[in-house]
Amino acid sequence: MDREEYVEAVLRAVESIPEGSVATYGDIAEYVGQGGPRQVGAIMREYGGGVPWWRVIRASGVPADEVGDEQLHRLRSDGVRITNGRVNLRDARWDPQD
DNA sequence: CAACTGACGGCCT
DNA sequence: GAGGCCGCCAGTT
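Using my numbering, you'd call the opening residue of the first sequence number 4 and step up by one each time.
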């Protein structure tokens with residue numbers, strides 16, 4: 004799998020996160036089956052426009068620093084419960100079989 | 001080729 | 001729960 008295919012695979016994975024749920028960078032990497040969380044983050048930074056990037060957060064439930072406020076706002080309008088600037092992953096975490 | 005970098009994560013205080 | 005530390009891994013210097 005070359006880099007372009009990898010980028011496409013990551014973007015498709017993000018697109019498949021349904022409204023109302025979230026995935027971690029690590030979740031996406033695992034789902035794609037290649038690379039790691041940092042690769043996913045790098046791809047979101049570069050190619051994230053065009054996909055629901057706000058549904059990808061850190062494993063701690065906190066969004067990436069740069070986009071944090073907008074991300075939380077978008078998630079809330081998705082219907083995701085936010086408590087103290089954090090997403091409750093136990094509720095909202097993406098399950099690929101959906 | 002070595003060093004640095006970072007939309008990260010898990011483990012240990 | 002919050003930091004600090006270190007591992008990870010691909011891209012850039």
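The C-beta atom is built at its ideal place from N, Cα and C for all residues, glycine as well.
- The Cβ neighbour count for S80, taken over all protein chains shown within 10 Å, is under 16; the residue is labelled exposed.
- Taken through DSSP and simplified to helix, strand or coil, V70 comes out as helix.
- Your pair G64 and R89 checks out as a contact, with CB atoms roughly 4 Å apart and the cut at 8 Å.
- About 7 Å separates the Cβ atoms of P55 and E18, confirming a contact at the 8 Å cut-off.
- Per DSSP, I20 lies in no alpha helix (DSSP H) and is assigned neither H nor E.
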